[in-house]
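> One structure coming up, written as structure tokens, with questions to follow.
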Amino acid sequence: MRPNWQSNLGALSLCLALAAITCRNSFAEERAANEPSAQRPLHERIDDAIEQSHVGPVADIATDYEFVRRSYLDLIGRIPSAAEVREFIDTDNSSKRSDLIEKLLDSSEFNRHFAIVLDVMLMERFDGKKIDSKQWRRFLRNELEKKSPYNEIARKILAADGADAAPRAAAKFYLDRAVEPHALTRNVSRMFLGRDIQCAQCHDHPLVDDYLQSEYYGVFAFLNRSYLYEDAKDNKKPYVGEKAEGGVEFESVFDPDAGKSTTAPMLIDGLALDNEPVLDASEAYIVHGKDVRSVPKFSRREQLARLLTHDSSSAFATNIANRLWAHMMGRGLVHPVDLHHSDNPATHPELLKFLAQAFIASEFDIREFLRQIASTKTYQRSIDTPPIPQLELVEERRSSLLDQIVAVDNAKVKSLDELIEFNQQLQQARKHLATIDDKITTKQNEIAEQNKKADGDNKALSSKRKQLAEKKTAAASVASAAAEAKKATEAVKNDKALSNAAQTLQARADAIAKQVANLETQLEQHAKNIQSANDAANLLRRQKQRLISERMIAADLVSEARGARRAFQRRHEENVVRHRDLTQQLAAVETTARFQNAKDVLEGHQTKAANVASALEVSRQTRAATRQNLAGLMETLKQTQRKYDTQLAQLTASGAELDQKRELIDTIRESAATTREAADQLQDEALHNAAQTLSNRADQLASDAQAEADNISERQQEIDKTQSAIDNLDLTIMQDKSELTELETKVTQLEAELAAAQTAIAESEVAVTNATSDLKELWADRFVVRSLKPLSPEQMGRSLVFATGLDARFQREAEAEWEKSNKEQQDKAKEGKAIEKDPNGKSSDVDELARRSGISALLEKRIQDVEQVFVSLYAAPPGSPQDVFSATVDQALFAANDGRMRGWLNPSEGTLLKRLRDMTDDDSIAHEIYLSVLTRKPSEMEIKEITDYLASREKKERLPALQAILWGLLTSLEFRFNH
Amino acid sequence: MKCNYSCNSPDHSIARRQFMGGIAAGGLFAGMGAFIRPATAAQLQSQQKRVISIFLSGGSSQLETWDPKPKTETGGPFRAIPTSVPGIHISELLPKTAEQMHHMALIRSVNTSQNDHGLGRYMMETGRAKSPAADYPHLGAVTAKALTDDSSPLPGHIHVSSGAGNRRNDSAYLGPKYSSVVVGAKGGLRNSALPGGMTATVDEQRHALRRSVNERFLQRRRTAETDAYTQSYEQAIQLMQRRSIFDVEQEPSTAIERYGDHELGRQCLLARRLLENDISFVQVSHSNYDTHNENFNFHLEQMGEFDQSFSALIDDLAEKGMLDSTLVIVMSEFGRTPRINRYYGRDHWGKSWSIALAGAGIQKGAVIGATNKDGTEVSDREVDHGNLFHTYLQAVGVDSTGEFEIGGRNIPIADPAAGPIEELLT
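So this is what it looks like as structure tokens:
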């Protein structure tokens, strides 16, 4: 705050001097003043802006084939014919691309095509039928042929009222919308300022901070006096009428209690009507009355046309620069193109600002602007996405951007402070001016007061002078009467009555004389008063004069302060735009980093999975070995066990035998003993012998048994050995088994780990796919790779004609039609009189010219009929944004089954199918069809595909086969999209 | 509130992600069927819902239909008869409809204050007053956009007419995908059969060639738009295989008898056939109710046809178990004057008239609002086209206060200044 204004005047002047350097530059001149490299061509600067704001490699330059197709489509609205492609490809010249751009921009087809582009941009295929669409297109085409600057075309459209015959068609923009002020407000804002402020009609926009209701009504105030006038005497021919009165009043439906607001006509750039004259109702109109079209002396609509298209209207230039860019690139720097606002910033805010300035500097030269864009590498890039940059590079850029953003942030804060300060200074300067104005007014009032006083005295003076004169006359007559009476009295003495009369007369005369003297005194006083009032007034006037000089200085200060404020405002805006630019770059870098991170995460998971997998493999192998080993051991154990069982069985059997033997021995010994006892008792030798025999036998048996027992004992040992082998095996097996259990656990664990890692990989892969597609979309949105742009319906229709060679058929039909109608006319003429022969032969030249233009009009009509079929199927509904792509089933049904489509694919002289049918070499067929439809050579694979297909069909089916191939190419993505 | 346009909208990026997820899962052409986006629960819930609108063209008389005023100066010659809902009476011209009243609801307090045919129709069909500043989509387009799965080959918005016709321009900013496709009770759907001389084999071959060219191109670049384009051809093939659903002659003769062996009957029957095949919105028009002369004779004749076809439709939908998921609307551009003119006619009247609803989320047997004794004014619960539009959508589970995102622009689904008739919704 600066409480003491006077003491700061000096400081202000200093600041003003500093600011004066930049403050005089208009929006358009800013470029020259602020940019050291202003001399570089626009197209190089565009490439710089796009490439420098990108991290890593950009897409390659497209091939000559792609370039020729793309530039034909964008500049003249159709694909090139096979002959035109060959011509371009065969040209061996380093400037062939710029030569082609030049050739196309100079062609009459450019004017025809761009008339459609402008028409669709301004009318969105809405036809209110007040003005014939053909006339409107002709108007646009004429303007393009005349190379009118865009702002001039816009001005004609916005000022048109339909009354001037020449640009009557220009009034379509207003008339077709029935001159309804809300419709006009919305569409003027959308089409010319890039701001869809429709929502702000009833309240401040609920979603967009920048779109205010007051802004809507600022535009509305330019238009709400206009109305549709239909001339009852002339078939209701429509015109735009305008009243000289009518303001705007509005209230928010969200906040009706806030009451009504009003606004003067005003555009978003702050461009306002500041010179609106105040006219009496009696002089406000040029034409006014009942049943006529009102025309005011001061037309707000004309003022709109003037202000909106003015060089200082940055929104106007920015909008058209963005729309033309979108036409060429497939997408606006600001997208959607009718939503310019701070929360929907351009992808490259500085570039957009620069483009707008360059467009103004080129005096709104549409061709020059398109030439520059078409010459950029950015325009000429391929649709193949470039490789993704290294993470280090991305990180480096990110930190550099963050630093820059901090710096710009600081600068922004500073410039805002400065702006606020200069705003205050401006306010103070204005206040100072207002104070002086007040003083001047006071002086004026005082002067008026003095004048009034003098006037009063003057009036009194003149009336009293009159009185005085009257009194003097009266005094003279009374005095002379008194003198006469005195004389008479002296002559007729003692006449009492006479003497009385004389006395009375004398007394009257004295009284009157006194009155006269009195009046004379008063007169003197009035004269004095007048003098002093005049003196006072003069003094006041001198004082006022001084004030007026002071005011001039103050006014200068105001305008300088305004200039300074503007300069600082611009500086601040620059910071804001720079900030947005950097923020957008940062967002792009973040997306790249997100991709890198996603990729890193994926790689991490992949590495981990690989490690787990190899550990798992090792464990599985160990497990397999262990299992095998265990199986071997089990087998051995089984065999050993079997052996043990056998041994044990045998041993048990032998033991039993031995026991039996031993029992037998005992029995024999008992019997021997018994026998011996008996022999002893009986002393029977025989018995003795028998006993001996028995005893011997027993001994023999005992010896056998002993041997057997020894044997058994040996075998027992063997069994013990087997047993211990079994015990050993059991132990080993137990160990192996626990080892195996451990391994199993480990394998299960590893398997689970691997499964988890694989799930993580799958998830990361989705993340990487998403990040990749985000990145590709982002790159296309940021123009480092060419975006796929669907053909407009008109481009589709016309391209179909040129791809199939239908133009040759149409040409023939047009010629035939012309000849027929011409012959009819000639016959008619012959009936009337013989044709005069021109000796100079000029008439035949003129005839030839008429013939050619007549035929070309008939040809064009046929092509437009095809276009119209595509418009009815492929265009967005009339009156809605036409840049929204939609693919519908009925389009596909039309392409597949409609009779018209079938008809267009029938061969006739000069058409592609006729050429193809006449070719015998399948290789040439493949080349011809690819070049004609897709503007390129076929690959080996594609040649083979066609050759194989043709070979698979019988000779008599050749035509349907060729039609099937042609249909397949015409309905392909590659034909549908400009790439 | 902040902007959430395409630039930085989280919704938008999610949608894009879901779409790309579809690609990742689907592979190339083999994956056409896998292209379906993951639907949210809300979408799934409303997927089965449908709408049929029967438009009585020219402006039917509320007094000879839903809001009779017998024995009054304005009431005309016809009686009021009781219906299947005790207490509700309608015109005696609708005896069969009266038997279906327990499925239906009436709104007797519509005030659109619009007496122009075109403007009235626009209001009733779009829920907004016509404005030169902006065009709004037809109820059918909105319904189709909200209820039809993107992957469905069938058009979501159909107008049944006497013959097949061109697509109409009635979808405004929703785009041609949701414009009404005109289907004839005779002639079915345009371009849905192979052209003469084209064999199925050659047709397959040409599509194979098309796919092959596309596949090579898609290796270079793939976007949401390329997918939408290739998908439209696959959908066309599927649609051609299902073209019989547009052929009313496939219905048994008993059905034709039931609906009435006349154009309206066939159109209603075709409409039901379409709804049965999961088409989201069908409109049938019945002409002509613009009865400036002989209002009573005309209504006697017209309502006879209507009564049969309409009652058969309600009955049939209920029988098939479809009524709970199908909203049925009977509307006009406006009603007719209570005052009877000198030609025994009634003129245009938007101030106090009626419409009828049935099915989906509509209260059965409800009556909303009323008019005064002579029917010259709404005396209770006045509603307008905006309220009705919200109500239709909410009845089929669409949040009519939400927004569509179209080409990066956010657009309210219905007029944000209006709301639904809450008490009519279940």
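These protein sequence lines map, in sequence, to chains A and Y.
One point on numbering: in the numbering used here, the residue at position 607 of the first sequence is 607, and numbering is uninterrupted.
One point on numbering: in the numbering used here, the residue at position 330 of the second sequence is 330, and numbering is uninterrupted.
All C-beta atoms in this analysis are idealised placements derived from N, C-alpha and C, irrespective of residue type, glycine included.
Since the structure is predicted, the reported quantities are computational estimates derived from the model, not experimental observations.
1. For a contact meaning CB atoms closer than 7 Å, what does K69/Y contact in chain A?
2. What does the Cβ neighbour count give for A356/A, buried or exposed, with the cut at 16 atoms within 10 Å?
3. Give the residues of chain Y in contact with V993/A, contact being defined as C-beta atoms less than 8 Å apart.
4. DSSP three-state label for G120/Y, please.
5. Any Cβ of chain A within less than 8 Å of the Cβ of D135/Y?
6. Counting only beta-carbon separations shorter than 8 Å, does N34/A have a partner in chain Y?
7. In angstroms, rounded to a whole number, what distance separates the CA positions of R852/A and S108/A?
8. Is it buried or exposed, E848/A, if we count other Cβ atoms within 10 angstroms and call 16 or more buried?
9. List the residues of chain Y that D257/A touches, going by C-beta distances under 7 Å, in chain order.
10. Where R381/Y and I368/Y are concerned, what is the direct C-alpha to C-alpha distance, given to the nearest angstrom?
11. What residues of chain Y sit near Q880/A, judged by a beta carbon separation below 8 Å?
12. If you follow the alpha helix (DSSP H) that L547/A is in, where does it begin and where does it stop?
13. In the DSSP assignment, what are the bridge partners of N978/A?
14. Using beta carbons (cut-off 8 Å, strictly below), is Y233/Y in contact with chain A?
15. How would you call I553/A, buried or exposed, if buried means at least 16 neighbouring beta carbons within 10 angstroms?
16. With 8 Å set as the bound, which would you pick, yes or no: does the beta-carbon of N372/Y sit closer than that to a beta-carbon of chain A?
17. For a contact meaning CB atoms closer than 8 Å, what does R186/A contact in chain Y?
18. In this structure, how does DSSP classify S226/A when only helix, strand and coil are distinguished?
19. Leaving out the 5 sequence neighbours to the left and right, which residues in its chain are closer than 6 Å to A271/Y when beta-carbon positions are compared?
20. Nearest chain Y C-beta to G980/A closer than 8 Å, yes or no?
21. Considering only residues of the same chain and omitting the five flanking positions on each side of L740/A, which have a CB-CB separation below 7 Å?
22. Using a Cβ cut-off of 7 Å, which residues of the segment 241-274 of chain Y contact any Cβ in chain A, in chain order?
23. Could you give the first and the last residue of the continuous alpha helix (DSSP H) run that contains Q308/Y?
24. List, in chain order, every chain A residue whose beta-carbon is nearer than 9 Å to that of R409/Y.
25. For P3/A, count neighbouring C-beta atoms within 10 Å of its own C-beta (all shown protein chains included) and say buried if the count is 16 or more, exposed if not.
26. Taking all protein chains shown into account, decide if E560/A is buried (16 or more other Cβ within 10 angstroms of its Cβ) or exposed.
27. Could you spell out where the beta strand (DSSP E) holding P412/Y opens and where it closes?
28. For A816/A, go through chain Y and note every residue whose CB falls closer than 8 Å to its CB, in chain order.
29. When the Cα atoms are used, what is the spatial distance from I965/A to E928/A?
30. In the DSSP assignment, the alpha helix (DSSP H) including D437/A goes from what residue to what residue?
31. Quick one: list the residues of chain A neighbouring A236/Y, beta-carbon separation under 7 Å, in chain order.
32. Can you confirm whether E940/A, when its beta carbon is compared against all beta carbons of chain Y, has any partner nearer than 8 Å?
33. For chain A, check one thing: does any of its Cβ atoms lie closer than 8 Å to the Cβ of F281/Y?
34. Compare the C-alpha of Q424/A against each of V394/A, S362/A, S94/A, R565/A and name the closest.
35. To the nearest angstrom, report how far apart D119/A and L140/A are at their CA atoms.
36. Quick one, which of R258/Y, F389/Y, G120/Y, G407/Y has its alpha-carbon nearest L327/Y's?
Taking the structure as given:
1. The residue you call residue 69/Y lines up with position 69 of the second sequence. Those within 7 Å of K69/Y in chain A number zero; the least Cβ separation is about 37 Å.
2. The residue given as residue 356/A occupies position 356 in the first sequence. A356/A comes out buried.
3. Look at the range of chain A in this structure, 1 to 979, and you will see that residue 993/A is not part of it.
4. What you label residue 120/Y is simply residue 120 of the second sequence in a count that begins at 1. Three-state result, G120/Y: helix.
5. On the second sequence, position 135 is the one that residue 135/Y refers to. Yes, D135/Y lies at the interface with chain A (some Cβ there is under 8 Å from its Cβ).
6. On the first sequence, residue 34/A is found 34 positions in, with the first residue counted as 1. Confidence at N34/A is low in this model, with a pLDDT of 47, below 50, so its placement is unreliable and the value that follows should be read with caution. Not closer than 8 Å to any Cβ of chain Y, the Cβ of N34/A fails to qualify, so no.
7. Looking up residue 852/A in the first sequence gives position 852. Looking up residue 108/A in the first sequence gives position 108. Near 15 Å, if we compare the C-alpha coordinates of S108/A and R852/A.
8. Here the question's residue 848/A lines up with position 848 in the first sequence. Per the 10 Å Cβ criterion, exposed.
9. Here residue 257/A refers to the residue found at position 257 of the first sequence. Simply none; closest approach about 17 Å.
10. For the purposes of this step, residue 381/Y is taken as the residue at position 381 of the second sequence. For the purposes of this step, residue 368/Y is taken as the residue at position 368 of the second sequence. Looking at the two C-alpha atoms, the distance is approximately 7 Å.
11. The sequence position of residue 880/A within the first sequence is 880, counting from 1. It is Ser, not Gln, that sits at residue 880/A in the sequence shown. Going along chain Y in sequence order, the residues near S880/A (Cβ under 8 Å) are D135, A172, Y173, G175.
12. Within the first sequence, the letter at position 547 stands for residue 547/A. Note, L547/A: alpha helix (DSSP H), 496-682.
13. For the purposes of this step, residue 978/A is identified with residue 978 of the first sequence, where counting begins at 1. Beta-bridge pairing links N978/A to K789/A.
14. Here residue 233/Y corresponds to residue number 233 of the second sequence, with the count starting at 1. Y233/Y counts as touching chain A.
15. By one-based count along the first sequence, residue 553/A stands at place 553. Answer is exposed; the Cβ neighbour count stays below 16.
16. On the second sequence, position 372 is the one that residue 372/Y refers to. Taking Cβ atoms only, chain A never reaches closer than 8 Å to N372/Y, which makes this a no.
17. As a first step, residue 186/A must be located in the first sequence, where it is residue number 186. Neighbours of R186/A on chain Y, chain order: A133, A134.
18. Walking along the first sequence from the start, residue 226/A turns up at place 226. S226/A: strand per DSSP, three-state reduction.
19. Position 271 of the second sequence, counting from 1, holds the residue named residue 271/Y. Within the same chain, A271/Y has close Cβ partners I52, V160, V282, V284.
20. The question about residue 980/A has no answer, for chain A in this structure spans 1 to 979.
21. For the purposes of this step, residue 740/A is taken as the residue at position 740 of the first sequence. Closer than 7 Å at the Cβ level, and outside the excluded window around L740/A, lie R623, T626, R627, L630.
22. none
23. As a first step, residue 308/Y is located in the second sequence; it is residue number 308 there, counting from the start. Per DSSP, Q308/Y belongs to the alpha helix (DSSP H) from 295-319.
24. What you label residue 409/Y is simply residue 409 of the second sequence in a count that begins at 1. Those within 9 Å of R409/Y in chain A are D196, P336, D338, L339, P881, V884.
25. Here the question's residue 3/A lines up with position 3 in the first sequence. Because P3/A sits at a pLDDT of 39, beneath the cut-off of 50, its placement in the model cannot be relied upon, and the point is left open.
26. Start at 1 with the first residue of the first sequence, and residue 560/A comes out as number 560. E560/A comes out buried.
27. The sequence position of residue 412/Y within the second sequence is 412, counting from 1. First-last of the beta strand (DSSP E) with P412/Y: 409-412.
28. Working through the first sequence from its first residue, we reach residue 816/A at position 816. Correct list: empty, because the minimum Cβ distance to chain Y is about 27 Å.
29. For this step, residue 965/A is matched to residue 965 along the first sequence. For this step, residue 928/A is matched to residue 928 along the first sequence. If you take the alpha carbons of I965/A and E928/A, they lie about 12 Å apart.
30. Residue 437/A sits at position 437 when you count from the first residue of the first sequence. First-last of the alpha helix (DSSP H) with D437/A: 391-491.
31. Position 236 of the second sequence, counting from 1, holds the residue named residue 236/Y. Within chain A, the residues near A236/Y are V889, A892, L893, A896.
32. Walking along the first sequence from the start, residue 940/A turns up at place 940. Output row for E940/A: interface = no.
33. Numbered from its first residue, the second sequence carries residue 281/Y at position 281. No, because no Cβ of chain A sits closer than 8 Å to the Cβ of F281/Y.
34. As a first step, residue 424/A must be located in the first sequence, where it is residue number 424. Checking every option, the nearest Cα to that of Q424/A belongs to R565/A.
35. In the first sequence, the residue the question calls residue 119/A occupies position 119. In the first sequence, the residue the question calls residue 140/A occupies position 140. Taking the straight line from one Cα to the other gives about 8 Å.
36. Along the second sequence, read from residue 1 onward, the residue named residue 327/Y stands at position 327. Here the closest residue by C-alpha is F389/Y.
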